[in-house]
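Working notes, structure below.
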């Protein structure tokens, strides 16, 4: 799909904005965690990618009336919004303000609507510098939307059980899980998170270990010979702070066909991992 957009995303060019968007996404995740039933792999804390940004999706906040609430981080118009099924609305522009200010305004509004999420607003430290670049946030969202599309294509290719393609606010990465169907020896079969062999396919905007956006593919438990498998260049196996396949976003963006390169890497790493898990 050559029509997908993979704009430049060097973290050094937009880190204050990235940090602000990350903090704002955590607000949505905390509210969703409070208002939805627990799920395995903490999917109840994760966010969906929507046409305009990130969303909690519709959450039922009143079982009797079936009232719903949806909160969005709109990265097209640069706003955080909340809307109920009854049509009540709230919005606040994104300007790099401290996450605590956004959280306070949102949660106080929800309380006026008789919606009471149990969120400790003091956890939203004032990490924002005020240097918020809306164009950079839009560029990130273009990249995220493209990766989301590729991940959905990849999810349809996979056989066996998979999880949803979701953004995890805590780590701020887009992730998809695949399960081999085998139980991990020595792990309680009732452990929904750790009992089954699995591989994770993700997209990160960068961190302390790798200070630029990258794609990763990890396996649990780690198959001993997995790092011996061939990967399409320029992907490589990473074995330092964590173990898995690593492909830099910049290399994907510079490729003649970014989608083809991404899918080739996903297929190679997954094929090798699946073979070792199911042998």
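In the numbering used here, the protein residues as written are 0 to 278. Cβ coordinates follow ideal geometry from the N, Cα and C atoms, glycine included. Because the structure is a prediction, the values reported are computed rather than measured.
DSSP places residue 217 within a strand segment (E or B) once states are collapsed to three.
Per DSSP, reduced to three states, the secondary structure at residue 64 is coil, with no helix or strand assignment. Look at the beta carbons and you see the stretch 110-120 not touching the stretch 136-146: under three pairs across the two are nearer than 8 Å. The alpha-carbon of residue 24 is positioned some 8 Å away from that of residue 46. Here DSSP, grouped into helix, strand and coil, assigns residue 124 to coil.
Ranking 156, 265, 163 and 133 by CA distance to the CA of residue 14 puts 133 first. Beta bridge pairing from DSSP links residue 195 with 182. Rounded to whole angstroms, the separation of the alpha carbons of residue 272 and residue 229 is 11 Å.
When only Cα atoms are considered, residue 196 and residue 183 end up about 6 Å apart.
In the three-state DSSP reduction, residue 172 falls in the strand class (E or B). In the DSSP assignment, residue 52 falls within the beta strand (DSSP E) that extends over 52-54.
In chain order, 43 and 58 place their CB closer than 6 Å to the CB of residue 35, counting only its own chain and leaving out the 5 sequence neighbours on each side. Distance from the CA of residue 246 to the CA of residue 63, rounded to the nearest whole angstrom, comes to 48 Å. Taken through DSSP and simplified to helix, strand or coil, residue 88 comes out as strand. Proximity to residue 71 across 179, 55 and 103 peaks at 55, based on C-alpha coordinates.
Between residue 26 and residue 81, the C-beta gap is not smaller than 8 Å, which leaves the two residues out of contact.
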